[in-house]
Amino acid sequence: MTARISRAGPDGTRARAERCVGKNPTGSVAAAIRPVECFGADGHIVSRLTPLIRPMTADTLDLYVWLIEAIDSGPAREACREVMSADERQRADRFVFERHRHQFIYAHGMLRLALSEAAPDVAPSDWTFATGPHGRPFIAAPARPRALYFNLSHTEGCVACVVSGHEAVGVDVEELSPRRARMETAEGVFSRDEIASLQGLLPDEFVRGFFDYWTLKEAYLKARGVGLHLPLDRFSMQISPDGIGVSFDPEIDDDAGKWRFTQTSPSSLHRLSIADGSGVSGGLAIRTRALRHPWQGANG
Ligand SMILES: CC(C)(COP(=O)(O)OP(=O)(O)OC[C@H]1O[C@@H](n2cnc3c(N)ncnc32)[C@H](O)[C@@H]1OP(=O)(O)O)[C@@H](O)C(=O)NCCC(=O)NCCS
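Under numbering that gives the first Met the number 0, the residue at position 12 of the sequence shown is numbered 11, and the numbers go up by one with no gaps.
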């Protein structure tokens, strides 16, 4: 069994990150290596860590996050719906609950807008997608001079996506729901070491610990694109103040050394993890990006 602890990013990033973590109302200090946002008392983002302004390069990963309550409006939904394909609109219309429909619309609208940020010559509505053998979507057209990859995640109240020139990137965002964070669930999907580290925690700490592991494991699965075809208890996340690492049981064919993990809290109610399996030395540079909202005009 091999283990690799990933380290923080460049020095400046770590210093800013540590200041930021202190403001996080969820108290999520230990697990965050490169947290990307600061939080106000109400849990909303009040500032971002230096979103870099240079264009996407081969070794960057762009992260986009929307808190739905912060952007929700009829015009916003309409603008997102407008850029979606007919198939995506049909999928959206199949949701029974309005809030799930809205979540889907924001997620898929955001993805298209984010891809067009990376490739401004393609209109958001012009992207077409296909799915891989385990359901992972990828860009089918238009063909790009340099490949562009993404991963999308949505949960109650929050949508997120990552865009990169590397395929092995994954993101998972989850609502910190005490109802879903159950020891019986952990025992079904977490490794022995992960379960042991959750035992004896106070209820609030347990919910946080549960979703720390859940989002990290899910982000890893999504970066690999294999869905649930990997035995979830055969790889184990290690979270420490120094960083986040992963170890694999022998039956999982992967190299722990090439993975970098990052966690952040988009709000006091959400946890988000990013998995970077690019193998790029030191990990991809994560940039939090804001989208120009088409429903708010040019400066929105
Ligand atoms: C398919 C799967 C990725 C769904 O994950 P999820 O947490 O329910 O949903 P998310 O919102 O994070 O991600 C959904 C998006 O991932 C993308 N996706 C779908 N299949 C994928 C795959 N095989 N690999 C990577 N991304 C995938 C899609 O863009 C999808 O969006 P859409 O459904 O709106 O089209 C899969 O991992 C799964 O079913 N997980 C179940 C949850 C579980 O048991 N997790 C164990 C964690 S320890």
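All C-beta atoms, glycine included, are put in the ideal place defined by N, C-alpha and C.
Bear in mind the structure is a predicted one, so any value in this text is a computation, not a measurement.
Item: Inter-stretch contact at 8 Å, needing at least 3 Cβ pairs: the stretch 249-258 / the stretch 269-279; Value: yes
Item: Other residues of its chain near Ala122: CB distance less than 7 Å, five sequence neighbours each side excluded; Value: Ser115
Item: Inter-stretch contact at 8 Å, needing at least 3 Cβ pairs: the stretch 135-144 / the stretch 79-95; Value: no
Item: Nearest residue (CA-CA) to Gly244, options Leu201, Asp192, Ala284, Pro293; Value: Asp192
Item: His269 Cβ short of 7 Å to ligand 1 heavy atom set; Value: no
Item: Check: Thr154 C-beta below 7 Å from any heavy atom of ligand 1; Value: yes
Item: Backbone secondary structure at Ile67 - three-state DSSP; Value: helix
Item: Glu217: CB within 7 Å of a non-hydrogen atom of ligand 1; Value: yes
Item: Backbone CA spacing between Ala159 and Ala78 [nearest angstrom]; Value: 17 Å
Item: Best match in Pro240, Gln262, Val188 for proximity to Leu227 [C-alpha to C-alpha]; Value: Val188
Item: For Pro136, three-class secondary structure by DSSP; Value: strand
Item: Any non-hydrogen atom of ligand 1 closer than 7 Å to Arg135 Cβ; Value: yes
Item: Heavy atom of ligand 1 within 7 Å of Gly208 beta-carbon; Value: no
Item: Contact check, Arg223 vs Ala289, beta carbons under 8 Å; Value: no
Item: The stretch 195-208 in contact with the stretch 160-179 per 3-pair CB rule at 8 Å; Value: yes
Item: Cβ distance (whole Å) where Tyr212 is taken to contact Gly169 below 8 Å; Value: Tyr212 to Gly169, Cβ: 15 Å. No contact.
Item: As assigned by DSSP and simplified to three states, the class of Ala91; Value: helix
Item: Lys221 Cβ short of 7 Å to ligand 1 heavy atom set; Value: yes
Item: Residue environment, Thr184, which counts as buried when at least 16 other CB atoms sit within 10 Å; Value: exposed
Item: Given Leu110 as reference, the closest of Gln262, Arg291, Tyr63 once Cα atoms are compared; Value: Tyr63
Item: Pairwise C-alpha distance: Glu87 and Ser163; Value: 22 Å
Item: Proximal residues to Leu197 (C-beta, below 8 Å), its chain only, five neighbours per side dropped; Value: Met182, Ala185, Phe189, Phe205, Gly208, Phe209, Tyr212
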